[in-house]
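Chains as they are written, first to last, in my numbering: chain A, 209 to 462; chain B, 21 to 324.
Reading through the structure tokens given below for one structure.
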Amino acid sequence: MNLLISLRGELLKTKRTASIYLTIIAAAFGPLMTMLELLLDGFDGEDQATILEQLFTSKFQMTGLMIFPFFIMLICTLLPQIEYKNNAWKQVLTSPQTKANVFMAKFINVQLLILVFLVANQLLMFVGAVVLHVLHPALHVLNQPIDGKRVFAILVNNYAALLAICCIQFWLGIRFRNFIVPLAVGFACWLAGTILGMNFPLGFAKYYPYAFHMYPNFSQYKAVVPAIAWTSLGYSVLFLVLGYLDFRRRRMDT
Amino acid sequence: MNNTPIIKTTGLSYHYAKNVQTLFNVDLQVDRGSIYGFLGPNGSGKTTTLSLLLGLLRNQQGSIEIFGQHLHANRVGILKKIGSLIESPSLYGHLTAKENLEVYRAVYGASKERIAEVLNIVRLDDTGKKIVKKFSLGMKQRLSIALALLPNPELLVLDEPSNGLDPSGIIELRQLIRTLNIDHGMTIVISSHLLSEVEKMVTHLGIIYKGKMLFQGSLPELHLFQRKGSRLLIDTSDNRIAMELLQEHSPDWTGGSISLPFRDSKQTASINRLLVQNQLDVHLLQPKENDLEQLFIDLTSDHS
Chain A
209 MNLLISLRGE LLKTKRTASI YLTIIAAAFG PLMTMLELLL DGFDGEDQAT
259 ILEQLFTSKF QMTGLMIFPF FIMLICTLLP QIEYKNNAWK QVLTSPQTKA
309 NVFMAKFINV QLLILVFLVA NQLLMFVGAV VLHVLHPALH VLNQPIDGKR
359 VFAILVNNYA ALLAICCIQF WLGIRFRNFI VPLAVGFACW LAGTILGMNF
409 PLGFAKYYPY AFHMYPNFSQ YKAVVPAIAW TSLGYSVLFL VLGYLDFRRR
459 RMDT
Chain B
21 MNNTPIIKTT GLSYHYAKNV QTLFNVDLQV DRGSIYGFLG PNGSGKTTTL
71 SLLLGLLRNQ QGSIEIFGQH LHANRVGILK KIGSLIESPS LYGHLTAKEN
121 LEVYRAVYGA SKERIAEVLN IVRLDDTGKK IVKKFSLGMK QRLSIALALL
171 PNPELLVLDE PSNGLDPSGI IELRQLIRTL NIDHGMTIVI SSHLLSEVEK
221 MVTHLGIIYK GKMLFQGSLP ELHLFQRKGS RLLIDTSDNR IAMELLQEHS
271 PDWTGGSISL PFRDSKQTAS INRLLVQNQL DVHLLQPKEN DLEQLFIDLT
321 SDHS
């Protein structure tokens, strides 16, 4: 109950912030690029019968590999910045809330925005499908079959794989007043993870959280995705606990 | 009537870095129903003390009791009954005044009507959809006070609340504090580095300097203390003989005149009689009473 009250406060703070606009813009980026690609470059003959399925599966690859990790880094940095930017930590911490509730409410707020991102992304992709259906009625895009379970699995696997970096970035975002630090660390680690994942996908990359975004987005790694998801979950718990212990110990009002 | 002090600290000490002690055995006592002026120059330890009282800083040494309970035994429960404003306003610039209060309303368990009440108290009820970023500093300060009033607190802690306020704003703040104390029964702790700013409204004073409490008590006690600090200045035709005659008053030679502790007008008359009876011409016989401002300066400079 107290956590819900703290969460309510966090949600109210998010109103009219860049976080909301960022979520919608980031969610729209993938569908927009996909539409531009399909409308300008056209369709391969053999793919025309499965356009709808592709929109929600293979065309999610760009979002899963780049947009989604970047969005997580940005959102994990922007949300705690609300307190730093407004010099509001001391008001938060002198209000009758436990530090655990404050920390968890912020984390849940991040997760809710991630959920909004994924839902908005899928909805906008569906809007794209409607546009294709209208512009190219002969393709019957909206009448094509789609494997809902597969689409859902892709989303869940991407979310699970990125949960680890979400917890790390959340810790960094809450720890550093200067928002450049968590973003720079996150981007550098993501770049290293992408290179690592491409060159040694079944080696050390399996244990490096910033490489986990590679696995759910390439069919050849399908077999290791469950293991990656569990590893990511383990890291998430670890970094969430470490982040909280650090938050509890630190002076946040300076 | 509960006589337990609303705030009681015992031996409160704090250091930000090793070998840099900020507070030394601060024993603070704030009685229920009082307006406690917490005075000290900038950097004397006021904000550190208040931050410790509100749990913003981790207590290192000494104990803190608020409402008769140890702070860390029931921090959340205690904070529910405290409204606070620590230094500069802590407000969300992208939200309106009402939205800022709404963020904390449920946290404090306040009703929706309370938001309108506190905005009315600080005269910000007509700001509508204007976001706080566009407020003047004075308006932000008033909104911060509204936020502190939101829980209808038993204890209001205001750290330098007049920062950024113009003279009329300071007068309004003074009236508001008196009203909250008298009409709403709130105990108020108000810190300042200017004695003149708080002496007209406080019932009790604590003076802190370089982390040490120099004085703590009621205003009459301070006035007594002030009288003790007053001196009688004397200049005669032969100050050497006058010094000898006035030995029992522990006189000091202050270069140009004799200075001794001033008690009252009877003492002045008796000294005058003594000097004249010993054939000394009295050129100067002047009590120099400290005003509170001078006392504050003396207290804080004597210990530097």
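Note that beta-carbon positions come from the ideal geometry of N, C-alpha and C, so glycine has one too.
Note that this is a predicted model, so its numbers are computed, not measured.
{"Item": "B/G113 versus chain A: which residues are under 7 Å apart at the beta carbon?", "Value": "N294"}
{"Item": "Ignore the nearest five residues each way along the sequence and tell me which others in A/L230's own chain have a CB closer than 8 Å to its CB.", "Value": "F279, L282, I283, L286"}
{"Item": "Bridge partners for B/M233 per DSSP, in chain order?", "Value": "B/I228"}
{"Item": "Within the 7 Å Cβ cut-off, does A/I228 reach chain B?", "Value": "no"}
{"Item": "Beta carbon of B/K160, beta carbon of B/L239: below 7 Å?", "Value": "no"}
{"Item": "Give the residues of chain B in contact with A/I316, contact being defined as C-beta atoms less than 8 Å apart.", "Value": "Ordered by position in chain B, no residue passes the 8 Å Cβ test against A/I316, which lies about 16 Å from the chain."}
{"Item": "For B/Q306 and B/I84, I'd like the C-alpha separation in whole angstroms.", "Value": "46 Å"}
{"Item": "Give the list of continuous beta strand (DSSP E) stretches no shorter than 3 residues that lie fully inside the region 184-216 of chain B.", "Value": "207-212"}
{"Item": "Based on the DSSP output, what are the partners of A/H341 in its beta bridges?", "Value": "Answer is none; A/H341 lacks a bridge partner."}
{"Item": "Can you tell which of A/G394, A/G411, A/I232 has its C-alpha closest to the C-alpha of A/Y418?", "Value": "A/G394"}
{"Item": "Alpha carbon to alpha carbon, what distance is there between B/Y124 and A/L212?", "Value": "13 Å"}
{"Item": "Can you tell me whether DSSP reads A/G451 as helix, strand or coil?", "Value": "helix"}
{"Item": "Does any CB atom of chain B fall closer than 7 Å to the CB of A/R385?", "Value": "no"}
{"Item": "Measuring only between beta-carbons, confirm whether B/K100 sits less than 7 Å from chain A.", "Value": "yes"}
{"Item": "Against chain A, does B/I208 count as a neighbour if the rule is that its beta carbon must be under 7 Å from one of theirs?", "Value": "no"}
{"Item": "Restricting to runs no shorter than 3 residues, where is the beta strand (DSSP E) found entirely within the region 310-392 of chain A?", "Value": "none"}
{"Item": "To the nearest angstrom, how far is it from the Cα of B/M21 to the Cα of B/D51?", "Value": "For B/M21, the predicted structure reports a pLDDT of 49, less than 50, and the residue's modelled location is therefore unreliable. A value from the coordinates is still provided. Going by the C-alpha atoms only, they are around 12 Å apart."}
{"Item": "In the DSSP assignment, find the unbroken beta strand (DSSP E) run with B/S83 in it and report its ends.", "Value": "81-86"}
{"Item": "Listed from N- to C-terminal order along the chain, which residues in the region 78-109 of chain B have their beta-carbon within a distance smaller than 7 Å of any beta-carbon of chain A?", "Value": "V96, L99, K100, S104, I106, S108"}
{"Item": "Who are the near neighbours of A/A226 in its chain, counting only those whose CB is closer than 7 Å to its CB and skipping five residues on each side?", "Value": "L286"}
{"Item": "Can you give the Cα-Cα distance for A/K298 and A/G411, rounded to whole angstroms?", "Value": "45 Å"}
{"Item": "Could you spell out where the beta strand (DSSP E) holding A/Y418 opens and where it closes?", "Value": "Neither: A/Y418 is in no beta strand (DSSP E) and is coded neither H nor E."}
{"Item": "When you measure from the CB of B/G75 to every non-hydrogen atom of the ligand PLP, does any distance come out below 6 Å?", "Value": "No copy of the ligand PLP occurs in the structure displayed, which carries no ligand at all."}
{"Item": "What residue range does the beta strand (DSSP E) around B/F58 cover?", "Value": "55-59"}
{"Item": "Can you find the residues in the same chain that come closer than 7 Å, C-beta to C-beta, to B/A262, ignoring five residues on each side of it along the sequence?", "Value": "I254, T256, I278, L295, L300"}
{"Item": "B/G231 and B/T42 - do their beta-carbons sit closer together than 7 Å?", "Value": "yes"}
{"Item": "Just the Cα atoms here: how many angstroms apart are A/F455 and A/R383?", "Value": "7 Å"}
{"Item": "Taking 7 Å as the threshold (beta carbon to beta carbon), is A/G217 in contact with chain B?", "Value": "yes"}
{"Item": "Starting from the Cα of A/F315, find the closest Cα among A/G381, A/G272, A/N294, A/L244 and give me that residue.", "Value": "A/G381"}
{"Item": "Can B/I228 and B/G57 be called in contact, C-beta distance under 7 Å?", "Value": "no"}
{"Item": "By DSSP, does A/A296 sit in helix, in strand, or in coil?", "Value": "coil"}
{"Item": "Using a cut-off of 8 Å between C-beta atoms, extract the partners of A/K223 located in chain B.", "Value": "H114, L115, E119"}
{"Item": "Could you name each continuous beta strand (DSSP E) segment of 3 residues or more that falls completely within the region 265-310 of chain B, going from the start of the chain to the end?", "Value": "278-281, 302-308"}
{"Item": "On the criterion of 16 or more Cβ atoms from any shown chain inside 10 Å, does B/E241 qualify as buried, or is it exposed?", "Value": "exposed"}
{"Item": "Please check the pair B/A166 and B/L178, which I expect to be a contact at CB under 8 Å, by giving their CB distance rounded to whole angstroms.", "Value": "Not confirmed; about 12 Å, so no contact."}
{"Item": "Using CA atoms only, rank isn't needed, just tell me which of A/V445, A/A346, A/C374 is closest to A/F251.", "Value": "A/A346"}
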